[in-house]
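Colleague: Here it is, the structure in full.
In this note's numbering, the protein residues as written are 3 to 97.
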C-alpha cells in the first residue's frame, strides 16, 4: 500500500503492509488502486520507508513476481527497524 504523509515542510511516501496502523499508530488511507510488484513506483516517488514482511524473502520458482521489488529493496534500502517478535521490518531509503 502506497500512501503519503504530509507535514508543513515535506511529503513522505511509505510502502506499507496491511496491519501497519497496529505498529505505527497512524491513519492508513484506502489502498492505492493500482500497484505493481516492481520498483517503478518506489523509484518514481522516492519512497522513504517500506514496511517489509520477512516471509516475502522466500524465493519462488518461475512465478516469483517479487524478484524486482526484492532487488530494489536490497540495492537502495537498509533495515531501519525490526519489530520484536514479528516478521515485519521497516526499511529506509539509503541517503
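Think of the CB as a built atom: it goes at the ideal place given N, C-alpha and C, for glycine as much as any other residue.
Roughly how far, in whole angstroms, is the beta-carbon of residue 43 from the beta-carbon of residue 91, given that I think they are within contact range, below 8 angstroms?
Modeller: Contact annotation, residue 43 with residue 91: C-beta distance approximately 19 angstroms; criterion of less than 8 angstroms not satisfied.
Colleague: If you reduce the DSSP assignment to three classes, tell me which class residue 50 lands in.
Modeller: coil
Colleague: Inspect the beta-carbon positions of residue 83 and residue 95 and report whether they are closer than 8 angstroms.
Modeller: no
Colleague: Thinking residue 52 and residue 75 are a contact (beta carbons under 8 angstroms), I'd like their distance in whole angstroms, please.
Modeller: 6 angstroms
Colleague: Give the DSSP-derived three-state secondary structure of residue 67 in the structure shown.
Modeller: coil
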